[in-house]
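Remarks on the structure that follows.
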Amino acid sequence: MTIFLNGEYMPIGEAKISVMDRGFIFGDGVYEVIPVYSRRAFRLAEHLRRLQHSLDGIRLANPYGNGEWANIINELVERNEAQDQYLYLHITRGVAKRDHAFPNPPVKPTVFMMSNPLLTAPADLLQSGVGAITAQDNRWLRCDIKAIALLPNVLLRQMAVDAGCAETILIRPGSNNEPSFMTEGAASNIFVVKNGKLLAPPKDNLMLPGITYDVILEIAAANGIPHEVRRIGVAEVFAADELLLTSSTKEVLAITRLDGKPVGSGKPGEMFAVLHKLYQDFKRDVMRQNSK
Ligand code: PDD
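Heads up: take any position in the sequence shown, counting from 1, add 1, and you land on the working numbering.
Below, the structure is given as structure tokens:
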């Protein structure tokens, strides 16, 4: 596997960073995960926009312009074999003496990118759906920043694995007697389907603004699928006809069991079938347009 580190391409085994890197010491950095289909980055402009938002959120200057990022990404895709890949892009505040405050003057950020083969869900998973559990969302109040400091997400996701499930759906306690509400998954966005309508939580500081989430809402709008973006109470999650999970690596999956009980019929529903097909069509159309 060839990776990119601080301006150079090299085999992963040769890549080295300092133990004083602020990413290692403080988790002081941000990342992106970008899917590549047929050797072309999907929704690159949107991923780079979200990267800029994350960098602004941690007050770190973007080391490259969008054109430079595109060149690095194309080069890395070129140097790796798989047709479909997922790129992991990671920027930290760099190497400095350990001090919580930013290094002053600033040091060079560490920029790392790797590519792995993108394996989308196998047919049996699409047919059966996946299990999920719920847990209290105990993360910070800037979940819109794609921060590399993922310890809460790691622990929350492991709870799902320990329960034989694929994902943990996160529930925030409401403030001022408001009911608790759903934010997202430990590593995905979550949609609720009720009476033929697709419900999505609003993009605010309590969830990651998913690129796949945006694609799903665009597809819904373009195809006349009833949908609404609003806060979703915990009771609505448990009363859902369908639950859907989205991310760049999982695309769209049906959640068919929640906390050990069937969701709706216990099988992937009509909304999942429609959106999954439209998502595949959308991907194909976008990739075809890009290749012209
Ligand atoms: N995670 N919410 C969280 C907390 C996530 O970590 C992710 C993605 C998403 C979905 O965003 P997108 O559709 O842009 O992938 C939502 C990636 C895949 C990861 O950390 O590996």
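Positions of the beta carbon are idealized from the N, C-alpha and C atoms, including for glycine.
- Exclusion of GLY24 from the 7 angstroms shell around the ligand PDD follows from its C-beta lying no nearer than that to any non-hydrogen atom of the ligand.
- Measuring C-alpha to C-alpha distances from ALA71 to each of ASN63, LEU49 and ILE92 identifies LEU49 as the nearest.
- Membership of GLY30 in the beta strand (DSSP E) is indicated by the continuous run 30–38.
- Just measuring C-alpha positions, the residue of LEU151, LEU6 and SER266 sitting nearest PHE113 is LEU6.
- Looking from the CA of LYS17, the closest CA among VAL96, LEU88, GLU69 and ARG285 belongs to VAL96.
- Bridge partners of ARG41 according to DSSP: TYR38.
- If you look at TYR89, you'll find it in the beta strand (DSSP E) that goes 86–93.
- In the structure shown, LYS198 falls within a strand segment according to DSSP collapsed to helix, strand and coil.
- By the CB criterion at 8 angstroms, LEU120 and ILE35 fall outside the cutoff.
- Judged by DSSP in its simplified three-state form, THR213 adopts helix.
- At a threshold of 7 angstroms, TYR214 counts as near the ligand PDD, since its beta carbon sits closer than that to one of the ligand's heavy atoms.
- Taken atom to atom, the span from the alpha-carbon of GLY265 to that of ALA136 is near 20 angstroms.
- The count of Cβ pairs closer than 8 angstroms, one atom from the segment 121–141 and one from the segment 59–67, stays below three, leaving the stretches out of contact.
- Around the CB of SER55, 16 or more other CB atoms lie within 10 Å, so the residue is classed as buried.
- Between the alpha carbons of PHE239 and LEU259 lies a distance of about 8 angstroms.
- In the three-state reduction of the DSSP assignment, LYS109 falls in the coil class, being assigned neither a helical nor a strand state.
- Taking all protein chains shown into account, ARG289 has fewer than 16 neighbouring C-beta atoms within 10 Å of its C-beta and is therefore exposed.
- DSSP, read as helix, strand or coil, puts LYS262 in strand.
- Assignment of MET114 by DSSP, reduced to helix, strand and coil, places it in the strand class.
- Contact between ALA133 and LEU157 does not hold, since the beta-carbon distance rounds to 11 angstroms and is not under 8 angstroms.
- For the 8 angstroms CB-CB criterion, LEU218 and HIS228 form a contact.
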